[in-house]
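Numbering (our numbering), first residue to last: 25 to 936.
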């Protein structure tokens with residue numbers, strides 16, 4: 025249900041009518057004379073002259089979609105392009121100008137421009153079925169035809185617009201007089217069949233000249249009433265945030281703009297546009313589409329019917345698209361009843377299988393959209409994907425509209441507040457604005473002295489719209505910083521020339537100062553601003569303010585990530601001459617606050633020389649290890665990392681592939697373990713042996729404590745990705761066999777590597793076997809009987825008469841080859857016979873030996889002198905060499921039948 029206020033607005037604006045005009049011009053003096061290169065045709069038209077004209081004409085085509093067709097069943101007439109003839113009467117132009125003025129008044133326009141288009145010749149039998157004139161040029165609003173003196177019968181013009189119709193006949197005045205008919209482009213028109221004579225018609229394309237308003241309009245006369253209604257609407261928070269009003273005419277994408285409005289649409293739209301901005305609304309135009317699927321000729325709709333309405337495209341008053349696919353309610357368009365409309369297009373249903381698909385009807389309308397200024401943010405495009413560039417463009421155009429409106433209402437507090445809120449949403453939207461938009465916002469904010477809006481732009485230079493950029497290749501949103509810096513420096517030079525020392529920099533940039541953990545972004549902004557200013561007094565004033573703030577940010581930052589690496593190295597390079605400050609203040613302060621991934625790359629930057637050589641690299645290296653040892657030491661999850669695509673984390677730190685593959689020299693050191701091994705090796709090369717040994721001891725102790733994290737790894741993974749390269753590192757670096765390292769290898773070999781062979785197979789008494797565990801039922805009676813048989817050292821054969829599903833359940837518990845199964849089908853129920861083959865211990869022993877051989881083969885890479893000296897000979901033989909187990913005879917030396925013959929590896933199954 026629409027509110028009372030919606031109804032009032034609708035009643036004030038609504039009054040639809042078909043805009044068309046037909047005028048008879050009785051004059052002998054001002055008839056045109058048609059001049060063709062070889063012919064001069066006087067009027068009224070004679071039959072011979074008609075044939076002469078026809079001889080130079082072509083069959084008239086018509087438009088169908090994006091095609092131009094010739095089909096005499098649709099359009100049967102002849103045409104001559106305006107460039108191929110002239111009107112010879114010198115008095116014609118003055119007469120024609122007066123006719124065009126009258127046409128403008130008749131259509132409700134002040135002034136129009138008429139451009140010659142065609143000369144049409146209708147002969148007996150000619151006609152043109154109902155159609156709309158295509159808007160052949162941008163800005164075309166209508167058509168003017170002039171029927172020249174040529175006696176004929178038939179050829180009437182039928183006009184229709186929605187449910188309204190008008191009929192005009194040119195025949196009565198055709199013998200001596202002219203008849204002019206004009207209509208708007210979206211009016212459907214038809215020329216009925218010519219029954220006799222010839223009908224000769226000049227056609228013109230009509231354009232609106234300048235920014236003229238209609239001279240009289242009901243909507244404009246009631247502007248003050250409308251202003252009061254809309255102002256009241258805005259003050260009531262429970263009202264909808266937009267008003268959608270249908271226009272009388274349809275406008276194409278190329279013609280939809282305020283300047284091209286036709287008839288009473290022009291009065292309504294110009295009146296609304298004039299008052300909307302002043303009272304808190306944005307004025308926009310839109311194409312609305314109502315889609316109805318299903319139904320029949322009687323208006324009934326089945327359960328599969330679907331109906332919805334959306335604004336397919338939304339435009340500024342200048343015709344620039346700013347939004348698309350905005351969903352609206354079916355009854356949201358004021359005064360629009362879909363049941364009184366005829367569909368503009370239809371997709372016929374298709375046959376699919378045994379049923380046909382319902383047809384889809386589309387109803388099109390051009391509408392005015394009035395949006396409360398503080399609600400416009402809903403129209404921002406926030407989607408990403410292949411259309412992201414188009415979405416950015418729409419957002420940028422919408423921003424331009426808002427800023428232009430702000431410029432027109434710069435003293436209105438509500439407009440400024442709404443614009444600032446909208447801009448804030450633009451800059452934080454997931455569809456990032458273009459650099460030019462940020463520049464435009466900054467420019468207008470400074471010009472209008474809107475400090476809130478300008479500070480939002482400043483925030484965009486350090487507050488990424490999405491997750492913080494992990495790479496240090498460039499400052500996040502560098503282009504935004506450049507745009508803001510350019511506009512601010514230009515503004516300050518214009519207003520503070522010669523008074524640079526009086527600039528209150530905190531007033532402009534306090535958000536950048538107060539932003540936490542943004543030292544890198546602050547430094548980048550300062551660098552960019554200095555390059556933008558290019559005015560020494562301004563740069564000096566800025567530097568005097570910025571340098572102490574930069575030092576404070578450096579000291580107070582609580583977390584440093586990979587994006588900060590270049591900035592930190594720049595600080596280190598520029599101040600490395602002060603060794604005491606670097607080693608006792610800078611590194612001890614920042615390194616403990618490094619993200620783990622940054623510790624690795626920063627340490628690597630010292631040794632690899634990516635930022636140039638450091639004369640004191642040894643001292644720097646030791647200092648970084650000392651203060652970053654918590655992150656440099658290994659954690660249990662580090663062993664779980666795969667070569668690519670896996671994730672490792674520890675404590676509150678989270679490391680993903682993007683933080684690992686940051687620098688080109690880390691291609692062969694993608695996992696934390698590999699980077700750790702490289703660091704230990706380089707530490708011994710650079711004289712940091714004690715620091716490296718401390719990291720090794722801490723890592724080994726931590727890995728022992730966290731062995732539950734990595735103990736489930738396969739021996740192959742553990743050996744290839746960690747243990748073997750670890751041992752090679754220890755041996756080649758001559759790392760002393762300290763207790764922590766020894767204890768780690770003992771634990772990893774005993775508790776992890778040897779775990780599958782820790783328990784030796786046991787030979788049970790007589791025919792006893794291990795019992796089975798039923799996963800189907802907690803108290804399964806068949807399995808309880810089966811286990812009684814299996815654990816009985818005296819029983820070799822068991823008979824189990826039961827239904828088939830119970831027998832199959834028991835068989836599923838006996839999949840090993842140490843049993844023979846037989847089904848006896850003599851009586852019901854059939855009987856399952858289970859026989860112990862006496863090969864239980866032999867098979868268990870073979871399985872154990874096979875596992876031992878596999879483990880022995882897997883850890884062959886540990887058979888090195890370093891491991892022997894680390895573990896001692898006894899433990900080395902037991903844990904690395906893996907000797908054969910002694911036979912344990914805890915039961916009888918054989919089964920009852922004493923048969924130890926080699927058996928088939930498959931379980932025996934006998935059917936009878």
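Just so you know, even glycine gets a beta-carbon here, dropped at the ideal spot from N, CA and C. A quick note: this is a predicted structure, and the numbers were derived from the prediction, not measured.
Residue 352 is bridged by DSSP to 333.
Residue range 63 to 65 is occupied by the beta strand (DSSP E) that includes residue 63. In terms of CA proximity to residue 422, 343 leads the group 388, 625 and 343.
Boundaries for residue 578: no beta strand (DSSP E) harbours it, while the alpha helix (DSSP H) harbouring it runs 560 to 580, taken from the DSSP string. Residue range 188 to 192 is occupied by the beta strand (DSSP E) that includes residue 188. Every alpha helix (DSSP H) of 4 residues or more that sits fully in the stretch 111 to 139 is shown, in chain order, as 116 to 130. In this structure, the beta-carbon distance from residue 716 to residue 649 falls below 9 Å.
In the structure shown, residue 101 adopts coil according to DSSP, grouped into three states. Here DSSP, grouped into helix, strand and coil, assigns residue 698 to helix. Annotation for residue 836: the continuous alpha helix (DSSP H) segment containing it runs 828 to 837. Look at residue 347 here: in three-state DSSP terms it is strand.
Fewer than three pairs of CB atoms, one per stretch, sit closer than 8 Å, so the stretch 217 to 224 makes no contact with the stretch 283 to 298. Scanning 467, 119, 353 and 304 for the CA closest to the CA of residue 436 turns up 304.
Residue 624 counts as buried, since at least 16 other C-beta atoms from the protein chains shown sit within 10 angstroms of its C-beta.
In the three-state DSSP reduction, residue 228 falls in the strand class (E or B). The three-state reading of DSSP puts residue 789 in coil, since its state is none of H, G, I, E or B. Here the stretch 66 to 75 does not lie against the stretch 118 to 125, with fewer than 3 beta-carbon pairs under 8 Å apart.
The stretch 751 to 760 makes contact with the stretch 880 to 897, as at least three CB pairs between them are under 8 Å.
In this structure, residue 557 lies away from residue 549, with their beta-carbon atoms at least 9 Å apart. Linking residue 151 to residue 68 through their CA atoms gives a straight-line distance of about 21 Å.
Taking a contact to require three or more Cβ pairs closer than 8 Å, the stretch 157 to 177 and the stretch 193 to 211 qualify as touching.
Among the bridge pairs identified by DSSP, residue 44 is matched with 207. Between residue 732 and residue 660, the gap from beta carbon to beta carbon is short of 9 Å. If you check the CB distance, residue 443 and residue 403 do not come in under 9 Å.
In chain order, 463, 466, 467 and 470 place their CB closer than 7 Å to the CB of residue 511, counting only its own chain and leaving out the 5 sequence neighbours on each side.
Rounded to whole angstroms, residue 743 and residue 663 show a C-alpha spacing of 11 Å. For residue 162, same chain residues with a beta-carbon under 6 Å away, outside a window of 5 residues either side, are 278 in chain order. For the pair residue 190 and residue 84, the CB atoms are not nearer than the 9 Å cut-off. When the Cα atoms are used, residue 832 and residue 800 turn out to be separated by approximately 13 Å.
The three-state secondary structure of residue 171, taken from DSSP, is strand. Its Cα nearest to that of residue 192, the residue 46 stands out among 546, 603, 46 and 747.
If you draw a straight line from the Cα of residue 776 to the Cα of residue 747, it comes to about 12 Å. For residue 583, the number of other beta carbons within 10 angstroms of its own is below 16, and it is reported as exposed. With fewer than 16 neighbouring CB atoms inside 10 Å of its own CB, residue 249 falls in the exposed class. DSSP places residue 197 in the coil class of the three-state scheme, outside both helix and strand. Taking C-beta atoms as the reference points, residue 316 and residue 269 fail to come closer than 9 Å.
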